[in-house]
Amino acid sequence: MSLGGKALQLAREGLFPVVSPGRRTATGLAVSGTLQGEGKLAGVPSLFLRLYGCNLNCVWQLDNGTLCPCDTPSAIMPDMPVTTVAVETLAQTIAENMGILRHLVITGGEPFLQAQNLSQLLELLKAAIPDLHITIETNGTLFHRRTAELSDLISISPKLLSAARGNPKKGKSAVCLPVLQEFLSLRYTNNHPDIQLKFVVAETQDEREISEILRQLHHFTSYDLLVMPLGATPEVLASTIPLALEMAIRNGWRFCPRMHITLFGNKEGV
Ligand code: SF4
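For the sequence shown, position 173 matches number 369 in the numbering used here, and the numbering has no gaps at all.
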């Protein structure tokens, strides 16, 4: 099938972690793949694909005033290297590197910025590897039905007011309720991908905003809802974990650890 020259823009890490025979990945392993560190599939060996570009520019502010910018600058900063890869080539490269893995995580940046071409990639991958499980990670501000329906798990991380507070140019919450509801309503379609709502917790007032968002949404269960402490370093996590933990227990929300930070730190490409 010819896709008429469709391509995707990849961030510096691209497809990761992959390793050629006799070499090792940044995890120190001699095989391709790492663990999904967050959410319902935490601990599942997976390959990752990081797409370039984002429509947001998150800078969190903690209760103590500390500013925490986006932890994937390679996917959002204009001066970062970008690789443009034909969709057919990328599908082939992914298939060659999956090995025994059956979980692919597509992240960013914001993957839905490239949704049209991404849906073509997903179609090729589903045809090549019928039992492949695909997670797409998104900030929940953009919707594309075909891409969403071809996914197996849509991991939505809505960006609360705290994610904009440290950015002087954008002082408001980026939560887009109609888009979140579109994703949640996919449960009632034929393909019904699984959904998780993963709220990053950075400051006390996040609790009220999450409650207000949930009050306005439907078609989700408590199993789909996770609160995750902000932090790409153990130092930041030390201040946000107690906050997220208390919120989770107080509201009956599920606490979501960041396993990859504990295991690997904030290294790129693991
Ligand atoms: S939405 Fe995600 S990738 Fe985009 S700026 Fe925010 S944290 Fe970074």
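In this text, a Cβ means the ideal position worked out from N, Cα and C, and glycines have one as well.
The structure presented is a predicted model; accordingly, all values stated were derived computationally and were not measured.
(message) Please state the DSSP three-state secondary structure of residue 197.
(response) With a pLDDT of 48 at residue 197, under the threshold of 50, the modelled position of this residue cannot be trusted, and the question is left open.
(request) Under 7 Å Cβ to Cβ from residue 289, same chain only, skipping five residues before and after it: list those, please. (result) Counting only Cβ-Cβ distances below 7 Å, and skipping sequence neighbours, we find 211.
(message) Mapping the DSSP letters down to three states, classify residue 435 as helix, strand or coil.
(response) The DSSP-derived three-state label of residue 435 is helix.
(message) Along the chain, where does the alpha helix (DSSP H) containing residue 208 start, and where does it finish?
(response) Boundaries around residue 208 are those of the beta strand (DSSP E), 203 to 212, since no alpha helix (DSSP H) includes it.
(request) Give the range of the alpha helix (DSSP H) segment to which residue 394 is assigned. (result) For residue 394, there is no enclosing alpha helix (DSSP H); the enclosing beta strand (DSSP E) has its first and last residue at 390 to 397.
(request) Return the first residue and the last residue of the alpha helix (DSSP H) that residue 409 is part of. (result) DSSP places residue 409 in the uninterrupted alpha helix (DSSP H) bounded by 402 to 412.
(message) Which residues does DSSP list as the beta-bridge partners of residue 350?
(response) Per DSSP, 332, 391.
(message) Using a Cβ distance threshold of 8 Å, determine whether the stretch 381 to 394 contacts the stretch 351 to 359, with at least three qualifying pairs required.
(response) Between the stretch 381 to 394 and the stretch 351 to 359, the count of Cβ pairs shorter than 8 Å is three or higher; the stretches touch.
(request) Ignore the nearest five residues each way along the sequence and tell me which others in residue 372's own chain have a CB closer than 6 Å to its CB. (result) Excluding sequence neighbours, residue 372 sits near 337.
(request) Go ahead and label residue 445 buried or exposed: buried means 16 or more other beta carbons lie within 10 angstroms of its beta carbon, across all protein chains shown. (result) Under this definition residue 445 is an exposed residue.
(message) Assuming residue 424 is part of the alpha helix (DSSP H), what are its boundary residues?
(response) For residue 424, there is no enclosing alpha helix (DSSP H); the enclosing beta strand (DSSP E) covers residues 421 to 425.
(request) Could you tell me if residue 197 is buried or exposed, where buried requires 16 or more neighbouring beta carbons within 10 angstroms of its beta carbon? (result) The predicted model places residue 197 with a pLDDT of 48, which falls under 50 and marks its position as unreliable; any figure quoted below should be read in that light. Counting every other CB atom within 10 Å of its CB across the protein chains shown gives residue 197 a total below 16, marking it as exposed.
(message) By the three-class DSSP mapping on this structure, what secondary structure does residue 257 have?
(response) Residue 257 falls in the strand class under three-state DSSP.
(request) Answer yes or no: does any C-beta atom of chain C fall closer than 8 Å to that of residue 204? (result) The structure shown has no chain C; it contains just one protein chain.
(request) Please write down, chain order preserved, every residue whose beta carbon lies under 6 Å from a heavy atom of ligand 1. (result) The set of residues with CB atoms less than 6 Å from any heavy atom of ligand 1 reads, in chain order, 250, 252, 253, 254, 266, 268, 271, 272, 304, 305, 306, 335, 355.
(request) If I'm right that residue 243 touches residue 229 with Cβ under 8 Å, what's the distance once you round it to whole angstroms? (result) Residue 243 to residue 229, Cβ: 5 Å. Contact.
(message) DSSP three-state label for residue 380, please.
(response) The answer is helix: DSSP assigns residue 380 an H, G or I state.
(request) Identify the continuous alpha helix (DSSP H) that holds residue 361 and give its terminal residues. (result) Residue 361: not part of any alpha helix (DSSP H); DSSP gives it neither H nor E.
(message) With distance defined between alpha-carbon atoms, name the residue in 457, 416, 420, 453 nearest to residue 428.
(response) Comparing Cα-Cα distances from residue 428 to each of 457, 416, 420, 453, the minimum goes to 457.
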